[in-house]
Amino acid sequence: MKVTIQQKVLYKYMWVVFFLFPSLAGLIVFLVVPMLASLVLTFFEWDPLIPTHFTFLGLQNYLTMAKDADFWAALRHTLFFITGYIPLVMLTGFGVALLMNQKLIGRTFFRGASFMPVISAWVAVALIWTWIFNPKFGIVNYLLGLIGITGPAWLYDPNWAMPAIIFTSVWKDTGFVMVLFLSSLQSIPHEYYEAAALDGADNWAKVRYITLPLLSPTIFFTLTISLINSFQVFDQVWVMTKGGPAGATSVLVEQIVNNAFRYGRMGYAATLSWVLFLIVFLVTIIQNRTQKSWVTYE
Amino acid sequence: MSTKSMFFRSAALLLAFSILLTACAPAVTPPPVPSSEPPMEGQNVIETAAPEPVEITYYTFSAAPDHLKELNQMIEIFQAKYPNITVKVETAPFNDYFTKLQTIIAGGTAPDVFELNYENFVTYADKGLLLDLSPMLQADTTLNPNVYSERANQAFSYKGMQLGLPATFSTVMLFYNKDLFDKAGLAYPTADWTWQDAVEAGKKLTDPATGVWGLYSGVQFWEFYKKAAQNNCKFFNEDKTQVMINSPECVQALQTMVDFVKTDKVMPSAAEMGGQSDGDMFKAGKLAMDVTGIWMFAAYKDVPFKWDITVEPGMDAKATHFFANAASIFAASKHSQEAYEWVKFFTSDPQMAKIRIDAGWELPALRDPALFQDYLSQTPPSNRQAVIDSLQFAVVPPVIVRQSEMQDGINKLLDQVMLGELTPQQALDQAKLLIEGLLK
Amino acid sequence: MSESPFLKNMSSNRLGGHLSKTVLYILLILGAVVMLTPFAWMVSTSLKNSEYVLSMPPQIIPSPATLSSYRRIFSLYPIGRMLFNSLFVATLATLGQLITCSMAAYAFARIKFRGQNLIFLLYLATLMVPFQVTITPLFIMMRIFGWINTYQGLILPGVFSAFGTFMLRQAFLTIPREYEEAAYMDGASPLTIFSRIILPLSKPTLATLSVFAFMGSWNAFLWPLFLVREESMMTLPVGLATLQGRWLTEWNLVMAGIVITVVPMLLLYLFAQKYLVQGYVMSGLKG
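Protein sequence lines, in the order shown, are assigned to chains A, B and C. Every letter in the first sequence is one number past the one before it in our numbering, and letter 37, counting from 1, is 37. Quick note: to get our numbering, add 298 to the position in the second sequence (first position is 1). Quick note: to get our numbering, add 738 to the position in the third sequence (first position is 1).
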């Protein structure tokens, strides 16, 4: 049977629809439509308590935001969080994944241990960590005292609150990164390493020439997801410091939540969200472009 | 075995386990469903109740989880009296209550009756979300509005409309640990104490060796406006055309509060409390005097030391807190008459009041002295009369429409003062600008 | 099954091998301690009597230890019902994600079609707007659909996650095309290739996604808080949230509630462990 080009194309698009439609339809209905609704809101003032009343503001919200000192402070704090959190969590997650990939006694136990923080909700772990970081009786300052350092007031000190939050976040998400890397590490064939060993490669060379390149799609994925998530850091800040002390750990989503749910300024909250979106989008695009230079797919 | 079927298996196992749990666990008694038969001849039925069954929703933050039982008891009594009305309860924790309320209102699914505390009341009242109860109150021959505490009733009237009926009220007192006072050989605080007296006693009570602190009074919005009132300072004038929060009296009031921590050293800083609340510290016997609310009576019931309360110390004048919660009806509720019956019952019925007081579930905002006999005779603390006494000095919180923003802004400035980043004068100067901005 | 034979290399040098192994195990144990101590703390607090909960310095082993917090929670809340709700919602949400995301990922990874990059970018974009701001329009939508206080309202919005599609797309992209080529030559349809070749080869990633999807649904708080209007529909996080009182929080109760919420997740993870561990031997197919 002779199949025309059109028929081939039609056949292909049938399959595209078949595979893509459920996901895309749901995405559009439950995610994209509310997103667009919030985009429209950025041009209005809308108080959810008076839901039928919309005041058109044009670009006013964006101008207010540009002059809003709280917004810029929140942006700074968010960026500070990211620069501390991302490198640390990627490194520890990767390191732990490498370790977990070995033949070890009690491997299941160790894997489970690193994943425990991930499956717990923040409200649960945040309280414990406020105790751990307690300036007088917490373990951290106790250990520091053992080596002769007087620890700072951590969550009560504007300079140290964010580092404490970063550390806690790394603790919680290491397991997440580990699990992502682990499933890819599993799929690297044994033989590659053996062949490399025969060629005289040492451990570092193995990591550099086999592990990393084969892992690069996962690294790219994990980095992208982690970046997108860390720009939206919220739960741990809300529970551990509520943005304090004196606004020192106020982050973008905290500003958004305050404006949306406590100040009745949904339009402004939406504006902050979409500016956040733009920033994250740009960062992701840039990352996407660079992937060609270091990510290798089969 | 594929991932999916393995998954199915484990989920099925857990599902079965939970179904088992449902069967074995003690069920929470749901409110009884009233019969939908019309009232029988000769039965005493309120004429205004419609004969068809009506369901109203009551949204609350103060019932779950400890007092659902009492609430259900009250609903049973109510539904026996009004067989055609079913009250459906919806709860949320206080911290998320208003977030949810706002969202369900925005979605057009507002509850018929909901609980409001004073600071949110003004916001909801101003936006026209609450039903004016005056017509129904006037038409009601069985309710005497004087049954409510006048102050509480007034708190929920806005621009001449009665937008809620007071359900409960509470005050803030000075709690003190008698054992610690005895050990230091000091006389107990009295109702005429000033803060100077308190600080003097605090200095003798504070002991770094045992980790005991003399007193605690939070440096935050609620405490600040009260201390300010004790020093004859007002944040703004009646019609909000002038903001005087940075006047010398206000600055002095703030300075006094800051001094408790910084110069007098009788009060722990936030860092020194390290995650513990003042309540936790008082319970642990580490706080000799604590300015906190009467809602803590239940929490302190079984502490291993003797304690009592008195009216809070003043400065130039006395000023105390008066907090009240209301039951309000949503303006667009489709069952406003039935909702009114519930609100009326829930806020004024003597049976309801007795259940409350017996269970220690907040104080009804009613005037009947007989009700208070029971309350006053419960111990601890023994000096419950002070609760009533403090009412004569009660001050109303300064409330504007953009209340949350003002509170957050002022709290942040107060934090900065405590951190040493701003002086009280600087902080209050900034506060003035903030409030003026919010009033525009 | 692949494990990097780093250890093998180390053990070739006898003494150095033992030392490195010891260091390794010390590191691992230290790491496990850091990871698990907060949980030990949580369990310990849940077993304490209220007076001892926030005693400073903190008590590690509760004495006396008591189950009163758990008893109290079971008497205050319909735990069985809430557990059922959480399980039901999370299971269906996870299945939904597995199915829809893997199919979409296959389209992105294996079919070249016009606009695919743009559509994929749309997927990514949905991850970049904080849900706190889309939740209100979404809630209004639920009202329009009549899905307030329903299971579908709880489940469906969580099914269509770009995260799952993204993750699976990456995983599918790394599968060498050689495996499919044979089948393709034999005239197999994309559906056959998808279900017979791609999916089985992606078990670890599918297992990983299952755990994440389940976890996301299980721990969800704000959405169920808004959507649920009666006690019988409450999920665990929403139901137990009222343990955090307005004035005073009984931390031993809160911790007990959290332990109850975490245990099923832990069990699920242990089940899924097997599949996260199992890889697939590719060597035999090469050459």
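The C-beta atom is built at its ideal place from N, Cα and C for all residues, glycine as well. Every value quoted in this text rests on a predicted model; they were computed, and no experiment measured them.
Review point. Could you give the distance in angstroms between the alpha-carbon of residue 887 of chain C and the alpha-carbon of residue 973 of chain C?
Key: 11 angstroms
Practice item. Note down the Cα distance separating residue 202 of chain A from residue 213 of chain A, rounded to an integer number of angstroms. Key: C-alpha of residue 202 of chain A to C-alpha of residue 213 of chain A: approximately 16 angstroms in a straight line.
Check your understanding: Which residues does DSSP pair with residue 386 of chain B in a beta bridge?
Key -> B/355
Point to revise | Closer than 7 angstroms to chain B by CB, residue 39 of chain A | key: It does not: the Cβ of residue 39 of chain A has no partner Cβ on chain B nearer than 7 angstroms.
Check your understanding: Does the beta-carbon distance from residue 469 of chain B to residue 685 of chain B come in below 7 angstroms?
Key -> yes
Exercise for review: Starting from residue 964 of chain C, find everything on chain B with Cβ-Cβ shorter than 9 angstroms and list it in chain order.
Suggested key: 397, 398, 401, 402, 405
Practice item. Going by CA-CA distance only, name the one from C/902, C/891, C/866, C/833 that's closest to residue 252 of chain A. Key: Scanning C/902, C/891, C/866, C/833 for the CA closest to the CA of residue 252 of chain A turns up C/866.
Exercise for review: Note down, in chain order, all residues in the stretch 763-778 of chain C with a beta-carbon under 9 angstroms from any beta-carbon belonging to chain A.
Suggested key: 763, 765, 766, 767, 769, 770, 771, 772, 773, 774, 775, 776, 777
**Study point:** Beta-carbon separation (whole angstroms), residue 240 of chain A vs residue 774 of chain C, contact threshold 8 angstroms
**Key:** Not quite, the Cβ-Cβ distance comes to about 20 angstroms (not below 8 angstroms), so this is no contact.
Check your understanding: Does the separation of the CB atoms of residue 221 of chain A and residue 280 of chain A fall below 7 angstroms?
Key -> no
**Study point:** Residue burial classification, residue 10 of chain A (beta-carbon count within 10 angstroms, cutoff 16)
**Key:** exposed
Point to revise | Outcome for residue 405 of chain B when other beta-carbon atoms lying within 10 angstroms are tallied against a minimum of 16 | key: Buried: at least 16 other Cβ atoms inside 10 Å.
Check your understanding: chain A beta carbons: is any one of them nearer than 7 angstroms to that of residue 849 of chain C?
Key -> yes
Check your understanding: Of all Cβ atoms in chain A, is any one closer than 7 angstroms to the Cβ of residue 729 of chain B?
Key -> no
Check your understanding: If we ignore side chains and look at the alpha-carbon of each, how far apart do residue 609 of chain B and residue 176 of chain A end up?
Key -> Approximately 54 angstroms between the Cα atoms of the pair.
Point to revise | Contact list for the stretch 805-823 of chain C against chain A, Cβ threshold 9 angstroms | key: none
Check your understanding: By how many angstroms is the C-alpha of residue 728 of chain B removed from the C-alpha of residue 369 of chain B?
Key -> Approximately 45 angstroms, taken between the alpha carbons.
**Study point:** Near-chain B residues of the stretch 872-885 of chain C (beta-carbon distance less than 8 angstroms), N- to C-terminal order
**Key:** 873, 874, 877, 878, 880, 881
Check your understanding: Taking residue 615 of chain B as the reference, which of B/691, B/413, B/442 has the closest Cα?
Key -> B/691
Check your understanding: Does the distance from the CB of residue 674 of chain B to the CB of residue 466 of chain B come in under 7 angstroms?
Key -> no
Exercise for review: On a CA-only basis, which of A/172, A/256, A/145, A/236 is nearest residue 161 of chain A? Give me that one, please.
Suggested key: A/236
Check your understanding: Would you call the stretch 927-943 of chain C and the stretch 803-821 of chain C touching, i.e. three or more CB-CB distances under 8 angstroms?
Key -> no
**Study point:** Partners in chain B for residue 50 of chain A, counting only beta-carbon separations shorter than 7 angstroms
**Key:** 425
Practice item. Classify residue 545 of chain B as helix, strand or coil using the three-state DSSP reduction. Key: coil
Check your understanding: If we count the other Cβ atoms within 10 Å of its Cβ and call it buried at 16 or more, is residue 750 of chain C buried or exposed?
Key -> Residue confidence for residue 750 of chain C is low, a pLDDT of 43 falling below 50, so the modelled location carries little weight; the figure read from the coordinates is stated next. Classification for residue 750 of chain C: exposed.
**Study point:** Interface positions of the stretch 124-137 of chain A facing chain B (Cβ-Cβ less than 9 angstroms), listed along the chain
**Key:** 127, 130, 131, 133, 134, 135, 136, 137
Exercise for review: With 7 angstroms as the threshold, decide whether the Cβ of residue 300 of chain A is near any Cβ in chain C.
Suggested key: Chain A is shown only over 1 to 298; residue 300 of chain A falls outside these bounds and no answer can be derived.
Point to revise | Under the three-state DSSP convention, the category residue 281 of chain A falls into | key: helix
Review point. Using Cβ-Cβ distances below 8 angstroms, what residues of the stretch 228-248 of chain A are close to chain B?
Key: Within the stretch 228-248 of chain A, the residues whose Cβ lies closer than 8 angstroms to some Cβ of chain B are 244, 245, 246, 247, listed in chain order.
Review point. Using the beta-carbon of each residue, which ones in chain C are nearer than 8 angstroms to residue 112 of chain A?
Key: 1004, 1007, 1008, 1011
Exercise for review: Mind reading off the beta-carbon distance from residue 479 of chain B to residue 464 of chain B? Whole number of angstroms is fine, and I expect it under 8 angstroms.
Suggested key: With 8 angstroms as the limit, residue 479 of chain B and residue 464 of chain B do not qualify as a contact, their Cβ atoms being about 35 angstroms apart.
**Study point:** chain A within 7 angstroms of residue 844 of chain C, Cβ atoms only
**Key:** yes
Exercise for review: May I ask you to list, following chain order, the residues of the stretch 351-385 of chain B that have a beta carbon less than 9 angstroms from some beta carbon of chain A?
Suggested key: none
Point to revise | residue 455 of chain B (DSSP reduced to helix, strand or coil) | key: DSSP places residue 455 of chain B in the strand class (E or B) of the three-state scheme.
Check your understanding: List, in order along the chain, the chain B residues whose C-beta lies closer than 7 angstroms to that of residue 835 of chain C?
Key -> Chain B residues near residue 835 of chain C: none, gap ~12 angstroms exceeds 7 angstroms.
Review point. How long is the line joining the alpha carbons of residue 894 of chain C and residue 227 of chain A, rounded to whole angstroms?
Key: Here the C-alpha atom of residue 894 of chain C lies approximately 26 angstroms from the C-alpha atom of residue 227 of chain A.
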